[in-house]
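In mature numbering (1 follows the signal peptide of the UniProt record, and there is no 0), the protein residues as written are -32 to -1, 1 to 74.
Below is the structure:
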């Protein structure tokens, strides 16, 4: 390849790279967080549909704290969230998955 061909090749590569960068930066990128995933998961199970995200997250963190101290997360959820035993069990499982995996069974 001669010098002119090398320059054209380098320019083409530069133009393609610049185009890719420009297009990539123009497109919004969604960044889901563990909190977003947790809220989406519990709501898909019919839990906390009318509850603010922050309250769901606080309850999940309380559940984890109770597991650390062997307190009854189910009693807490029944008193503070009005969940029946089945939904409380799902909420505890989701809480441990997202907020305290060290307390998850098995």
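Beta carbons: idealized from backbone N, C-alpha and C, even for Gly.
From a predicted model like this one, the values you see are computed outputs, not experimental measurements.
My guess is that residue 7 and residue 21 are in contact by the Cβ rule of under 8 Å, so how many angstroms apart are they, rounded? Here residue 7 is taken as the residue at index 39 of the chain shown, counted from 1. Here residue 21 is taken as the residue at index 53 of the chain shown, counted from 1. With 8 Å as the limit, residue 7 and residue 21 qualify as a contact, their Cβ atoms being about 5 Å apart.
First and last residue of the uninterrupted alpha helix (DSSP H) at residue 25: Here the question's residue 25 lines up with position 57 in the chain shown. Residue 25 -> alpha helix (DSSP H) spans 21 to 36.
For residue 45, three-class secondary structure by DSSP: Here the question's residue 45 lines up with position 77 in the chain shown. Helix.
Coarse secondary structure for residue 1, derived from DSSP in three states: Taking the chain shown and counting its residues from 1, one reaches residue 1 at position 33. It is coil, neither helix nor strand.
Specify, as a first and last residue, the run of the alpha helix (DSSP H) that residue 54 falls within. To locate residue 54, count along the chain shown from 1; it is residue 86. Segment 53 to 67, the alpha helix (DSSP H) holding residue 54.
Beta-carbon proximity list for residue 72, same chain, < 7 Å, skipping 5 on both sides: Counting from 1 along the chain shown, the entry for residue 72 is found at position 104. Answer for residue 72: 64 and 65, listed in chain order.
Per-residue burial, residue 77 [other beta carbons within 10 Å of its own, 16 or more giving buried]: Outside the displayed range of the chain (-32 to 74) lies residue 77, so it cannot be described from this structure.
Once the 5 residues before and after residue 56 are set aside, which same chain residues still bring their CB inside 7 Å of it? Here residue 56 refers to the residue found at position 88 of the chain shown. The answer, listed in chain order, is 42, 45 and 46.
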